[in-house]
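Peer 1: The numbers in UniProt numbering rise by one with no breaks, and the one at position 126 of the sequence shown is 153.
Ideal Cβ placement from N, Cα and C applies to all residues, glycine included.
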Amino acid sequence: APPEPVYRIGFSQCTMGDDWRRAMLAGMEKELSFHPNVEFQMLDAHNDSELQRQQVEQLIKQQVDLLIISPNQSGPLTALTEMAYNQGIPVVILDRRTASRLYTAYVGGNNLEVGRTAGRYVAQLLHQRGQVLELMGRPGSSPATDRAKGFAQALAAYPDIRLTAQVACDWQPTSVLQQLPAVLRAHPETDLIFAHNDPMARAAYQVVTQLALPHPVRIIGVDGLSGPGNGLQLVEDGVLNATMLYPTGGEEAIRTALHILRHEPFTKENLLKTMVIDSANVGPMRAQTEQLALQQHDLRQQQQRLESEMQRYASQRTAVYLLLVS
Ligand code: FRU
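#1: Below 8 Å, how does it come out for the segment 187 to 200 and the segment 117 to 134: are there three or more Cβ pairs, yes or no?
#2: Following a CB-centred definition, is V249 positioned closer than 7 Å to any heavy atom of the ligand HEM?
#3: Over the uninterrupted beta strand (DSSP E) stretch that includes S39, give me the two end residues.
#4: Considering only heavy atoms of the ligand FRU, does any lie closer than 7 Å to the CB of P170?
#5: For the segment 91 to 101 and the segment 34 to 44, state whether three or more C-beta atom pairs, one from each stretch, are separated by less than 8 Å.
#6: Please report the distance separating the alpha-carbon of S168 from that of T275.
#7: Residues bridged to S97 by DSSP?
#8: For N113, would you say it is in contact with chain B, using Cβ-to-Cβ distances shorter than 8 Å as the test?
#9: With DSSP collapsed to three states, give me the class of G115.
#10: Let me check understanding here. Comparing Cα to Cα, which of G54, P63, A53 and L59 lies closest to E31?
#11: By the three-class DSSP mapping on this structure, what secondary structure does residue 405 have?
#12: For L207, which option in Q315, E161, V249 and L182 has the closest C-alpha, if you only look at C-alpha atoms?
#13: Here's the rule: buried if 16 or more other CB atoms are within 10 angstroms of the residue's CB, otherwise exposed. What is E334?
#14: In the segment 241 to 315, which residue ranges form an unbroken alpha helix (DSSP H) of at least 4 residues, counting only runs that do not cross its ends?
#15: To the nearest angstrom, how far is the alpha carbon of S76 from that of E58?
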């Protein structure tokens, strides 16, 4: 087969400031390691939509062959993404959406479903009655909008559950530490906090334990990442009652990008599944993710062993041959 052409993929990433984004990039790099003909460039917008616009403009100017974009907020990135698409640059939207349907493919979680799953779980946990607080992601970012929408939709079936406040927290734990004390003082009867991601849920736990409230507050989050201080461990340690799994889509984004670049068939909407992780399944979940990491490590080692075996075999065969002919 003729060698594959060089493909240049530009990735505009809204932030690299947390483990979830690092896991996303690790997934992308793993998949990219199978495609040495891909030149991959990532630009980090540091949670700044204006900076992200400039970076997308830069990637368009560089005439990348394909653009992957995870927009910090929908509005500010929509027109530019449409422009790139209309210019003929394939665009893969990853995790966060623009406000437009003009893109080549979407890869990411179903955030409406994440919100609904959280709402149903809350109803079950609270036996269908109680007061709930919601700590939201950044206003104008699509997962925050969709998680809130799905959560409200699910809770609408339970008239005795009251959503007493929604706090815009920018996805950041620091903004939870700043805002939550006052909100909890205004709503001391809060039974449960739904945070739009695990880092904010973890910060909520910190605030709740410091405030000595009249009764315990349950906390649930989103992401369910493995590794120290992340969702799976927080659930295992009882810091969180549950987290909704939100896969990063890193590997799938690169796979989809390669299909598009090679003019192979691909799926336009790639919605990754969510599930509740709580004390009932966190053990097997953790074991499984750790097992997977180990297997990947083993696979790499096996590959190296195989290569050196093959070299040894080749030289042995020469030795046997020499013995036979002598
Ligand atoms: C990471 C993050 C995740 C969240 C996702 C939503 O930057 O805040 O915690 O699930 O982005 O886009």
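Peer 2: Answer, in terms of the structure:
#1: The segment 187 to 200 vs the segment 117 to 134: no contact.
#2: Here the bound small molecules are the ligand FRU; the ligand HEM is not part of this structure.
#3: Where S39 is concerned, the enclosing beta strand (DSSP E) stretches over Y34 to Q40.
#4: At least one heavy atom of the ligand FRU is nearer than 7 Å to the Cβ of P170, so yes.
#5: Touching, per the Cβ criterion.
#6: Cα to Cα, S168 sits roughly 16 Å from T275.
#7: Beta-bridge partners assigned by DSSP to S97: Q40.
#8: Here chain B cannot be found, since the structure has a single protein chain.
#9: Coil at G115, not helix or strand.
#10: Out of G54, P63, A53 and L59, P63 has the C-alpha closest to the C-alpha of E31.
#11: This structure cannot speak to residue 405, because the chain is shown only from 28 to 353.
#12: Its Cα nearest to that of L207, the residue E161 stands out among Q315, E161, V249 and L182.
#13: In summary, E334 is exposed, with fewer than 16 beta-carbon neighbours lying within 10 Å of its beta-carbon over all protein chains present.
#14: Counting whole runs of 4 or more residues, the segment 241 to 315 contains the alpha helix (DSSP H) stretches 258 to 263 and 277 to 288.
#15: The alpha-carbon atoms of S76 and E58 are separated by roughly 27 Å.
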